[in-house]
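Asks: Questions regarding the structure given below will be posed in turn.
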Amino acid sequence: MRFDSVPMPAAVEARPRDGRGYPVPAITPWEGGEPRFALTDHARSAECARGRCCSVCGRAMPPGAVWRVVGPAECAAIADALAAGLPYRNLAPTTEGPGHRACMLYASMVCPYLALPGARRGQSAAAPDALTAHVVRGAARGAVGAVAGFGEFEYAVTGERVLFRFLDLVEFLPYERAEAQLAELRAELDRAGG
Ligand SMILES: [Zn+2]
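Mapping of the sequence shown onto the working numbering: residues 2 to 195, in sequence order.
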């Protein structure tokens, strides 16, 4: 979706913008005054991890669950685990850090590297009470990604990378089209008071 057609969390609104007006995530490196959206800046990512800050807006995350956007492979793995009644554990570390629920819902729709243009069309809108057989089947069928909440995360800063591991899945919002998350984002912003 066009970034200006998606309501922006206040903390994202406060981010620096690129030439088109796109908000630039906290962990995005800048080169020659231009953000490099496809890359992750080591120092910025390490700083976010150590400070328990959101990788999108850069502000502190409260104690409790954190969220991230997962791609199709991990989405399918989560769906399989849920369908089998097994706890899902993200044992393979990822370089993608956690964030606020609103920030990750926003990123799932707006970030060109997450929103997956050309995604398959199909039944929309995963239910918010996503840990149900109905949604698990839906996710396994055609989801291109998901916003997932986790009770805990751990991280390691190496010389080259910052690695994250997520534990205790608490929310799973798979989508086939990025705009399926729009209602969920609006509700989240209402809850947070804008
Ligand atoms: Zn945030």
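The beta-carbon is built from N, C-alpha and C at its ideal position, and this holds for glycine as well.
Measure the CB-CB distance between residue 10 and residue 58 and report whether it falls below 9 Å.
Replies: Against a cut-off of 9 Å, the Cβ pair of residue 58 and residue 10 comes out as a contact.
Asks: Which runs of the beta strand (DSSP E), 3 residues or longer, sit entirely within the stretch 156-191?
Replies: Counting whole runs of 3 or more residues, the stretch 156-191 contains the beta strand (DSSP E) stretches 163-176.
Asks: How would you write the range of the beta strand (DSSP E) that residue 70 sits in, first residue to last?
Replies: Taken as a continuous stretch (DSSP letters only), the beta strand (DSSP E) holding residue 70 covers 67-71.
Asks: Sorted by chain position, which residues of the same chain lie with C-beta nearer than 7 Å to residue 72's C-beta, five sequence neighbours on each side aside?
Replies: Same-chain partners within the cutoff: 146.
Asks: Within 10 angstroms of its Cβ, does residue 69 collect 16 or more other Cβ (buried), or is it exposed?
Replies: By the 10 Å Cβ count, residue 69 comes out buried.
Asks: In the DSSP assignment, what residue or residues form a beta bridge with residue 35?
Replies: Paired residue(s): 32.
Asks: Please classify residue 192: is it buried, with 16 or more other beta-carbons within 10 angstroms of its beta-carbon, or exposed?
Replies: That one is exposed.
Asks: With residue 101 as the anchor, note down where its alpha helix (DSSP H) starts and where it stops.
Replies: Residue 101 -> no alpha helix (DSSP H), and no H or E assigned at all.
Asks: How about residue 43: is its Cβ closer than 8 Å to a heavy atom in ligand 1?
Replies: No, the beta carbon of residue 43 sits no closer than 8 Å to any heavy atom of ligand 1.
Asks: Which value, in whole angstroms, describes the spacing of the CA atoms of residue 42 and residue 33?
Replies: The alpha-carbon atoms of residue 42 and residue 33 are separated by roughly 14 Å.
Asks: What's the C-alpha gap between residue 188 and residue 166?
Replies: Roughly 28 Å separates the two Cα atoms.
Asks: Taking the alpha-carbon positions, what's the residue 150 to residue 157 distance?
Replies: Rounded to the nearest angstrom, the two C-alpha atoms are 20 Å apart.
Asks: If we ignore side chains and look at the alpha-carbon of each, how far apart do residue 53 and residue 180 end up?
Replies: Roughly 28 Å separates the two Cα atoms.
Asks: Looking only at its own chain, which residues have a Cβ that is under 6 Å from the Cβ of residue 111, when we skip the five neighbours before and after it?
Replies: Answer for residue 111: 4, 7, listed in chain order.
Asks: Could you pull the start and end residues of the alpha helix (DSSP H) that residue 15 belongs to?
Replies: Here residue 15 belongs to no alpha helix (DSSP H), and DSSP marks it neither H nor E.
Asks: Could you tell me if the beta carbon of residue 12 falls within a distance shorter than 8 Å of some heavy atom in ligand 1?
Replies: Residue 12 Cβ: within cutoff of ligand 1.
Asks: Is the beta carbon of residue 59 within less than 8 Å of some heavy atom of ligand 1?
Replies: Correct: residue 59 has its Cβ closer than 8 Å to ligand 1.
Asks: Taking just the CA atoms, how far does residue 36 sit from residue 27?
Replies: Roughly 10 Å between the two C-alpha positions.
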